[in-house]
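*Asks:* A single structure is presented below for examination.
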Amino acid sequence: MRDHAKSFLRGLVGGAHRKNSWNLAESAGYSRPDSLQRLLAQASWDSDKVRDELKVYIAEKLGEPNGVVIVDETGFLKKGVKSAGVNRQYSGTAGRVENSQIGVFLAYSSTRGSALIDRELYLPQVWIDDKDRRKEAKIPESKEFLTKPQLAIC
3 MRDHAKSFLR GLVGGAHRKN SWNLAESAGY SRPDSLQRLL AQASWDSDKV RDELKVYIAE
63 KLGEPNGVVI VDETGFLKKG VKSAGVNRQY SGTAGRVENS QIGVFLAYSS TRGSALIDRE
123 LYLPQVWIDD KDRRKEAKIP ESKEFLTKPQ LAIC
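Quick note: the sequence shown, position 87, residue 89 per this note's numbering, numbers continuous.
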């Protein structure tokens with residue numbers, strides 16, 4: 003399973019234009035995407051726990067008194083309306099208002115290097131207000147609207 007995870011991550015940061023399981027499997031030398039699809043669908047892991055462990059690792063390896071935290075939002079263009087948070091909104095990726103999801107990302111940087119330390123999906127107010135849409139996308143009822151700067155602080 004660890005080798006499949008490494009292959010998947012290498013594919014994500016690689017140069018492939020499309021990042022789907024078929025393309026990632028092909029770039030890793032697999033003849034079929036089954037092993038990567040199984041990793042994504044059935045592997046049991048806690049993304050928040052991984053993030054917390056990564057923060058400790060980054061602090062130990064990259065931490066410096068003059069290190070900085072960088073906040074950036076990134077748009078993911080979407081054609082449909084079912085993906086959580088998708089809405090017609092400004093996307094820096096497109097440079098205009100488009101149907102997209104927006105992610106807010108935090109990175110740490112020092113003279114020792116840089117690394118991503120956290121992420122959060124921005125949910126527009128229309129998503130927060132639409133109970134049926136939230137339920138279908140498995141967004142908890144407890145999730146409240148937060149602006150992008152508020153997401154960066156949390």
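Where is the CB? At the ideal position from N, CA and C, for every residue including glycine.
For Asp120, tell me which candidate among Ile60, Leu42 and Asp134 has the shortest Cα-Cα distance.
*Replies:* Along the sequence shown, read from residue 1 onward, the residue named residue 120 stands at position 118. Asp120 has its Cα closest to that of Ile60, out of Ile60, Leu42 and Asp134.
*Asks:* In this structure, how does DSSP classify Ala43 when only helix, strand and coil are distinguished?
*Replies:* As a first step, residue 43 must be located in the sequence shown, where it is residue number 41. The answer is helix: DSSP assigns Ala43 an H, G or I state.
*Asks:* Taking the alpha helix (DSSP H) that Tyr32 belongs to, which residues open and close that run?
*Replies:* The sequence position of residue 32 within the sequence shown is 30, counting from 1. Segment: none, Tyr32 is in no alpha helix (DSSP H) and carries neither H nor E.
*Asks:* So, under 8 angstroms CB-CB, Lys80 and Gln103 are touching, yes? Tell me the CB distance rounded to an integer number of Å.
*Replies:* The count along the sequence shown starts at 1 and reaches residue 80 at position 78. The count along the sequence shown starts at 1 and reaches residue 103 at position 101. With 8 angstroms as the limit, Lys80 and Gln103 qualify as a contact, their Cβ atoms being about 6 angstroms apart.
*Asks:* In this structure, does DSSP put Ile141 in helix, strand or coil?
*Replies:* As a working mapping, residue 141 is identified with position 139 in the sequence shown. In the structure shown, Ile141 sits in coil (DSSP, three-state: anything other than H, G, I, E or B).
*Asks:* Between which two residues does the beta strand (DSSP E) holding Phe147 run?
*Replies:* What you label residue 147 is simply residue 145 of the sequence shown in a count that begins at 1. It is not in any beta strand (DSSP E) - Phe147 carries neither H nor E in the DSSP assignment.
*Asks:* When burial is assigned at 16 or more other CB atoms within 10 Å of the CB, is Leu42 buried or exposed?
*Replies:* Taking the sequence shown and counting its residues from 1, one reaches residue 42 at position 40. Leu42 is exposed by the Cβ-count criterion.
*Asks:* Using the C-alpha atoms, what's the distance from Leu153 back to Val106?
*Replies:* Residue 106 sits at position 104 when you count from the first residue of the sequence shown. Residue 153 sits at position 151 when you count from the first residue of the sequence shown. Those two C-alpha atoms are separated by around 7 angstroms.
*Asks:* Taking three-plus beta-carbon pairs below 8 angstroms as touching, is the segment 61–72 in contact with the segment 87–95?
*Replies:* No: fewer than three Cβ pairs fall under 8 angstroms.
*Asks:* Measure the C-alpha to C-alpha separation of Ala117 and Lys21 and round it to an integer number of angstroms.
*Replies:* Here residue 117 is taken as the residue at index 115 of the sequence shown, counted from 1. Here residue 21 is taken as the residue at index 19 of the sequence shown, counted from 1. Ala117 and Lys21: Cα-Cα distance of roughly 20 angstroms.
*Asks:* Where does His6 land, buried or exposed, given buried means 16+ other C-beta within 10 angstroms?
*Replies:* Start at 1 with the first residue of the sequence shown, and residue 6 comes out as number 4. With 16 or more other Cβ atoms within 10 Å, it is buried.
*Asks:* Out of curiosity, what's the CA-to-CA distance linking Tyr92 and Glu100?
*Replies:* For the purposes of this step, residue 92 is identified with residue 90 of the sequence shown, where counting begins at 1. For the purposes of this step, residue 100 is identified with residue 98 of the sequence shown, where counting begins at 1. Distance between the alpha carbons of Tyr92 and Glu100 is about 6 angstroms.
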